[in-house]
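>
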Amino acid sequence: AVPHLEKTKGNVIIISSNLSTLIIPLLTVYSVTKAALDHLTRCLAVDLGSKGIRVNSVNPGYVKTNIGRDFGVD
């Protein structure tokens, strides 16, 4: 993918979560996974920036869904 992104000056957008920086009981694996995506974003931005490829993440906040209800979050 990198050669194509170089030619097109493409962008990489990684979807993470604001839970990457928060500690919520019973969501450890989810939070740690999102934190890893944030770090991957920073590392790729450094590695690919010199090639003209931008790498960013979107970290949306809480959206009220059934999964939140299941974990006792309102």
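Residues 4 to 77, numbered by the working numbering, are exactly what the sequence shown covers, in order.
For each residue, glycine too, the CB sits at the ideal point set by N, CA and C.
Please name the residue in S34, L51, R72, A48 whose C-alpha comes closest to that of N62.
S34
> Can you give me the start and stop residues for the beta strand (DSSP E) that V61 sits inside?
It spans 57 to 61 - the beta strand (DSSP E) in which V61 sits, taken as one unbroken run.
> So, helix, strand or coil for I26, using DSSP?
coil
> Confirm, please, whether the CB-CB distance from N59 to T44 is below 8 angstroms.
yes
> Would DSSP call V66 helix, strand or coil?
coil
> Where do the ends of the beta strand (DSSP E) carrying N14 lie?
Note, N14: beta strand (DSSP E), 14 to 18.
> To the nearest angstrom, how far is it from the Cα of C46 to the Cα of P28?
28 angstroms
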